[in-house]
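Last residue of the sequence shown: number 532 in the working numbering, and the count goes up by one each step with no gaps.
These notes concern the structure reproduced below.
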Amino acid sequence: MILKKKQLPKQSLKPLSGNRYSLAIRLLPLIGAVLLTGCSGSQHGDLESYVADVKSRQKSKIPELPQVKTYPPFSYSAFDVRDPFLPLLDEEAFAGDTKVDNGLKPRTDRKPEPLESFPLDTLTFVGHLEKQDTRWGLVSAPDKSIYKVQVGNYMGKNFGEIIKITETKILLREIITDGSDGWLDREASLALSE
């Protein structure tokens, strides 16, 4: 006995007709327009009156731009005057014998102290100690250490010798170069930080 498959009619296997889809697509804008016309009531009366009010206002007049002042050009007439970028004195004429030795020079025969390895502006005066006639200063360094110093100690990169310690500052005498193989001294201080 041979079984036969039941065959379905050919029309039932076809997709829906293209006519139905095209009809729905054509009616969609029409349905949307009908729905939108239902929303157009007179609910926006206050907005329309505001727009009418703004349009009826008097328009303000924009002021005219001010006249541009014309400036006369500057004419440079100092061509025959000395050039300001040249030195006043002839440096070569004074270069030889004018050097005066003031006898001031840093002491290099001593062992450098720990605070001489830091620039003076990185050191901080944080307090002082006093016992009888001797006063010590407490100085904080960038290496997070606190050093005890007294008169005669050195600190800073410019051979700064401590000459006085008060309650509010440490006074130093630094020896710096004058730029022409000579030395100058200057006073510097380290104020107590708060």
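Even for Gly, the Cβ is constructed at its ideal location relative to N, Cα and C.
Does the beta-carbon of Gly-441 have 16 or more other beta-carbons within 10 angstroms, so that it is buried, or is it exposed? exposed
Using 8 angstroms as the cut-off, can you tell me whether the region 404-422 makes contact with the region 477-494, which would need three or more C-beta pairs spanning the two stretches below that distance? no
Can you look up Val-392 in the DSSP assignment and give me helix, strand or coil? helix
Inter-residue spacing [alpha-carbon to alpha-carbon] between Val-372 and Ile-363: 15 angstroms
Can you tell me which of the three DSSP states Gly-370 falls into? helix
Assigned secondary structure, Ile-400 (DSSP; H/G/I helix, E/B strand, else coil): coil
Leu-426 by DSSP, collapsed to three states: which one? coil
Rounded C-alpha distance that separates Thr-375 from Ile-369: 10 angstroms
So for Leu-467, helix, strand or coil by DSSP? strand
Within its chain, find whatever has a CB closer than 7 angstroms to the CB of Phe-463; leave out the 5 residues flanking it on each side and keep chain order. Gly-475, Val-477, Lys-507, Ile-508, Leu-528, Ala-529, Leu-530, Ser-531
Gly-541 by DSSP, collapsed to three states: which one? Outside the shown range of the chain, which is 339 to 532, sits residue 541, and nothing can be said about it.
Residues near Asn-496 by beta carbon distance below 6 angstroms, same chain, minus five either side: Glu-512, Ile-514
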